[in-house]
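Chemist: Below is one structure. I have some questions about it.
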Amino acid sequence: MIEFEIPFSMGKQMTNSNLRIRMIFGCLLWVGIFITQSAQASDLSGIDDPALLTAIEVWLQDNDTESLPVFAALAREGNKAARLLLARIEATEQAASNFVSGLSRKERVELFRSDSGKGLFRPTWLKSEMKAGNKVATVLLESSNTTVNVHAIRTLYEIGEEEAAYDLIREVAGVGSQDDKKELASFLPPGSELTPYLRALQNPVSGFTPGRAALQKIIGGDEAIEAANTFSGSEQDTSAAADFVEFGYQNGVEASAFDQTNSYYDGLANWIEAESATAPITILCRRVCNDGDVQSCAITVFGLVGGYYKAIRFDSPIQALIRQSKYTTSDRAVGMVLRRVSFVKTAAGTPMISEHDLAEKSKCLAKAVAEVRATRN
Numbered sequence: 014m015i016e017f018e019i020p021f022s023m024g025k026q027m028t029n030s031n032l033r034i035r036m037i038f039g040c041l042l043w044v045g046i047f048i049t050q051s052a053q054a055s056d057l058s059g060i061d062d063p064a065l066l067t068a069i070e071v072w073l074q075d076n077d078t079e080s081l082p083v084f085a086a087l088a089r090e091g092n093k094a095a096r097l098l099l100a101r102i103e104a105t106e107q108a109a110s111n112f113v114s115g116l117s118r119k120e121r122v123e124l125f126r127s128d129s130g131k132g133l134f135r136p137t138w139l140k141s142e143m144k145a146g147n148k149v150a151t152v153l154l155e156s157s158n159t160t161v162n163v164h165a166i167r168t169l170y171e172i173g174e175e176e177a178a179y180d181l182i183r184e185v186a187g188v189g190s191q192d193d194k195k196e197l198a199s200f201l202p203p204g205s206e207l208t209p210y211l212r213a214l215q216n217p218v219s220g221f222t223p224g225r226a227a228l229q230k231i232i233g234g235d236e237a238i239e240a241a242n243t244f245s246g247s248e249q250d251t252s253a254a255a256d257f258v259e260f261g262y263q264n265g266v267e268a269s270a271f272d273q274t275n276s277y278y279d280g281l282a283n284w285i286e287a288e289s290a291t292a293p294i295t296i297l298c299r300r301v302c303n304d305g306d307v308q309s310c311a312i313t314v315f316g317l318v319g320g321y322y323k324a325i326r327f328d329s330p331i332q333a334l335i336r337q338s339k340y341t342t343s344d345r346a347v348g349m350v351l352r353r354v355s356f357v358k359t360a361a362g363t364p365m366i367s368e369h370d371l372a373e374k375s376k377c378l379a380k381a382v383a384e385v386r387a388t389r390n
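Residues in the sequence shown are numbered consecutively from 14, following my numbering.
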């Protein structure tokens, strides 16, 4: 059964034109549900296979060794759901497990790719299924294109892949026109974590960056983004916090002026701990730290993964198979975040943070990272 939510927000101010657009869009979506449900059933055949369901549970326990080979075997046997899941895991994985990182290139291709090709250049199962007419595979492939594709976004919503739609909106919003940004914003549901990004791009006021828009949402909720000025801290604190929220430590740990003395520090930490999208960060820090150290751990992980717009994108590979809420609270998501933090590098390929600097920010996190690094092949 497809979980579905009307993906547009009824804003405080809405013109008749906007209302007509959204009413028409809503009608199209409801019609689309009935069209795509039957298509999805055939395009995801094998979704109820007990072997697949068991393997998914094992994968969510962060056990690639005993799950990925099962997905691969089912895919070769013709299970379309396993094929799409395997391809999406390969495409969306943010930090490889020891099992995957220890594979040779040939072994990795044999594990993840379609058996329709030869050697090291086999197509992904998504491409193989797309050629066979699989509509779900087609739209998932379209979602990887960084061009404004309203049809792909709409179809992703229709088949229940809202998180993939959000990813596409995030990627293309920066290159589209103002009309494109307005249309993209209409897809976002109320309270979407991406609202600040679109709001900042739609209102290119000097100094109003995506980081400041996100900080407004963090400290004041959705209503605050509408306000002209909701920052209570000094300009120095606001600027440092907004930069950290937008980029984390992407520009270098030393370059960040955000620390515990910043007036927004507690507010950001509280938001990370309360927000469902950042659940993997919170669960990780509660596991490896004592209660009094969770806050500094959460802030450090938030910075190392790249800030707000990265921390809200820990997504299920396919929501039709794994609900977003189930994925973000799973051992898989938590393990992925820990591995990502453990091996994160700068654009130049050097470690983003030294062991000493990491320990200075969070000793318990540094200990957990050291243990992960010690087990890497």
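Quick reminder that beta carbons are idealized off the backbone N, C-alpha and C, glycines included.
Exposed or buried, which one is GLY132 when buried takes at least 16 other CB atoms within 10 Å?
Modeler: Classification of GLY132: exposed, given that the 10 Å Cβ count is below 16.
Chemist: For LYS131, name the three-state secondary structure that DSSP assigns.
Modeler: Reduced to three states, the DSSP call for LYS131 is coil.
Chemist: How about ILE294 and PHE315: are their beta carbons less than 9 angstroms apart?
Modeler: Cβ distance < 9 angstroms, so ILE294 and PHE315 count as in contact.
Chemist: How would you write the range of the alpha helix (DSSP H) that ARG121 sits in, first residue to last?
Modeler: 118-125 is the extent of the alpha helix (DSSP H) around ARG121.
Chemist: Under the rule that 16 or more other beta-carbon atoms within 10 Å means buried, what is SER141, buried or exposed?
Modeler: Buried, since its Cβ has 16 or more Cβ neighbours within 10 Å.
Chemist: On the DSSP bridge assignment, give the partners of PRO364 in chain order.
Modeler: BP columns for PRO364 point to LYS358.
Chemist: Helix, strand or coil for ALA280 per DSSP?
Modeler: Correcting the residue identity first, residue 280 is Gly in this sequence and not Ala. Note: GLY280 maps to helix in three-state DSSP.
Chemist: Could you please give the first and the last residue of the uninterrupted alpha helix (DSSP H) stretch that includes PHE221?
Modeler: No alpha helix (DSSP H) contains PHE221, which DSSP labels as neither H nor E.
Chemist: I need the boundaries of the alpha helix (DSSP H) containing ARG101, first residue and last residue.
Modeler: Its alpha helix (DSSP H) spans residues 93-105.
Chemist: Inspect the beta-carbon positions of GLU175 and PRO136 and report whether they are closer than 9 angstroms.
Modeler: The answer is no: Cβ separation not under 9 angstroms.
Chemist: With 16 as the cutoff for other CB atoms within 10 Å, does LEU378 come out buried or exposed?
Modeler: LEU378 comes out buried.
Chemist: Does VAL307 pass the burial test, meaning 16 or more other C-beta atoms within 10 Å, or should it be called exposed?
Modeler: By the neighbour-count rule (16 or more Cβ atoms within 10 Å), VAL307 is buried.
Chemist: Which residues mark the beginning and the end of the alpha helix (DSSP H) in which ASN111 is found?
Modeler: ASN111 -> alpha helix (DSSP H) spans 111-114.
Chemist: Which of the three DSSP states is assigned to GLU11 in this structure?
Modeler: Here the chain has residues from 14 to 390 only, and residue 11 is not among them.
Chemist: Applying the 10 Å Cβ sphere with the 16-neighbour rule, what's the burial state of GLY220?
Modeler: Exposed, because fewer than 16 other Cβ atoms sit within 10 Å of the Cβ of GLY220.
Chemist: Roughly how many angstroms separate the alpha carbons of LYS323 and THR341, rounded to a whole number?
Modeler: Rounded to the nearest angstrom, the two C-alpha atoms are 14 angstroms apart.
Chemist: Roughly how many whole angstroms lie between the Cα atoms of ALA372 and LYS380?
Modeler: Cα to Cα, the separation comes out at about 8 angstroms.
Chemist: Helix, strand or coil, according to DSSP, for PHE257 in the structure here?
Modeler: In this structure, PHE257 counts as helix in the three-state DSSP scheme.
Chemist: From TYR277 to ALA213, what does the alpha carbon distance come to, in whole angstroms?
Modeler: Roughly 20 angstroms between the two C-alpha positions.
Chemist: Give me, in chain order, the residues of the same chain whose beta-carbon lies closer than 7 angstroms to that of VAL122; leave out the 5 immediate sequence neighbours on both sides.
Modeler: Excluding positions up to five away in sequence, the list reads LEU133, ARG135.
Chemist: Is DSSP giving SER156 helix, strand or coil here?
Modeler: Three-state DSSP puts SER156 in coil, outside helix and strand.
Chemist: If you draw a straight line from the alpha carbon of THR388 to that of ASP128, how long is it in whole angstroms?
Modeler: Going by the C-alpha atoms only, they are around 32 angstroms apart.
Chemist: Could you give the DSSP three-state label for GLY189: helix, strand or coil?
Modeler: In this structure, GLY189 counts as coil in the three-state DSSP scheme.
Chemist: I'd like the list of long-range same chain contacts for PRO223, defined as Cβ closer than 6 angstroms, with 5 residues on each side in sequence excluded.
Modeler: Closer than 6 angstroms at Cβ, skipping near neighbours: TYR210, ALA213, GLU259.
Chemist: Would you give the residue range spanned by the alpha helix (DSSP H) that ARG89 belongs to?
Modeler: Taken as a continuous stretch (DSSP letters only), the alpha helix (DSSP H) holding ARG89 covers 81-89.
Chemist: For the alpha helix (DSSP H) containing GLY316, list its first residue and its last residue.
Modeler: It spans 307-318 - the alpha helix (DSSP H) in which GLY316 sits, taken as one unbroken run.
Chemist: Could you tell me whether the Cβ atoms of LEU65 and ALA94 are closer together than 9 angstroms?
Modeler: It is a contact, given that the beta carbons lie within the stated cut-off.
Chemist: Name the two residues that bound the continuous alpha helix (DSSP H) containing THR274.
Modeler: No alpha helix (DSSP H) contains THR274, which DSSP labels as neither H nor E.
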